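Residue numbers (the numbering used here): 16 to 83.
And the structure:
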């Protein structure tokens with residue numbers, strides 16, 4: 016997921032996406048622990064997507080605070 020795609024979404028959509036990614040991250044950790052994880056690169060992809068979403072949500076929160 017690109018940062019440009021994330022910036023076009025609303026805060027509610029981003030929060031929903033964040034929850035979904037965290038659930039996926041949890042499931043991937045379980046798969047890795049039990050030896051069933053096939054695509055190991057997906058772990059890093061999910062982590063980076065979570066970081067991107069959190070970064071953009073933080074930027075929006077800071078810009079809203081600066082506007083007050």
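The C-beta atom is built at its ideal place from N, Cα and C for all residues, glycine as well.
Here the structure is a predicted model, which means the values were calculated and not measured.
The beta-carbon distance between residue 65 and residue 24, rounded to whole angstroms, is 14 angstroms. This is too long to meet the 8 angstroms contact definition. The straight-line gap separating the alpha-carbon atoms of residue 77 and residue 60 is approximately 26 angstroms. Cα atoms of residue 69 and residue 45: separation of roughly 23 angstroms, rounded to the nearest angstrom. Where residue 52 is concerned, there is no enclosing alpha helix (DSSP H), because DSSP gives it neither an H nor an E. Taking 8 angstroms as the upper bound for CB-CB distance, residue 29 and residue 71 are in contact here, some 7 angstroms apart.
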